[in-house]
Each structure stands twice: as C-alpha cells, then as structure tokens.
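Reviewing the structure listed below.
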Amino acid sequence: MKTRIICLIILAILSILLFTGCTEVHQVSYNIGQEADNFNVTRRIVVYNARTDKLVFELIGNFSILNNTNNELEVVCEVENNIFKKHFVYLNEYTMYVVEDVSGAYVDKYHYEVNYIPEQIVPVTFTFKK
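Counting the sequence shown from 1 gives a position; my numbering is that position plus 1290.
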C-alpha cells in the first residue's frame, strides 16, 4: 500500500513536469513563428519535384508563408524597407517544400506584447448618476 502511494506521487510529479515542458515548447514555437511572419527571421525555402528529382524554386530572405486552400503556397517577401513581393507556388502530389531557419531567432518565452492602435479606439464618454 505504501509503495503504491509513493508510485502515484512520483507519477503525478512526472506528469506535471511533462505538461509544463510542453507548454513552454508551444510558447517558444509560437513566438518564433510570429517573428518569422513579421519578417524578422531570414529563412530559406526550397520546393522540390519528387517526380523529376529537380528543384523547382529556392528563395532565401525574410518572408512569410501561407498555405492557402487552393493548394498554393503564398510567399510574401520583404525585399527592402516596406517593399514587398508575393510569390505563388502550386503544390500537387509530386511537389514538396522545406523551410529552413537560416539566421535563427531570439525569442523570449515570456514575451507578451499588447499594441494599441489609436485610430481604432472609439472614444467613450462616461456619465455618472448621483
């Protein structure tokens, strides 16, 4: 009976540690994705045709990727300060792509940011009754 209680306590502690690690990984992964989508990370994308064994497309730079519903990759690149270019890569059963993080990203697992856009805030008037 005593060993069973000790085993349950150890199992509870291990499960708590396991789930805590998962949330940290998810938060860091989310922050890296946000940095990449905000054009702060240099990445490399390679599109490969598995049928012909040839590279179809390669791009190195700061870009954001979206896989839309039409089996296309939408790749938006920042080429200069506030100048962007958009590329479409059609995906089918023979093409695959690989995205590599070339520069790495510094992200803080505790990063939390709130941005207020003054133009979008509707003024509110408070009235008090006596």
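Beta carbons are placed, not taken as given, at the ideal position from N, Cα and C, and that holds for glycine.
Query                                                                                          : Result
Per DSSP, the bridge partner or partners of M1386                                              : Y1338
Contact between the region 1311–1321 and the region 1376–1387 (3+ Cβ pairs under 8 Å)          : no
Extent of the continuous beta strand (DSSP E) to which F1353 belongs                           : 1344–1357
Limits of the beta strand (DSSP E) - the one that F1378 falls within                           : 1373–1380
Local Cβ density within 10 Å of V1365, reported as buried at 16 or more and exposed below that : buried
Three-state class that DSSP yields for V1318 in the structure shown                            : helix
Distance between beta carbons of N1352 and V1331, contact taken as under 8 Å                   : 7 Å
Beta-carbon proximity check, L1363 vs N1357, cutoff 7 Å                                        : yes
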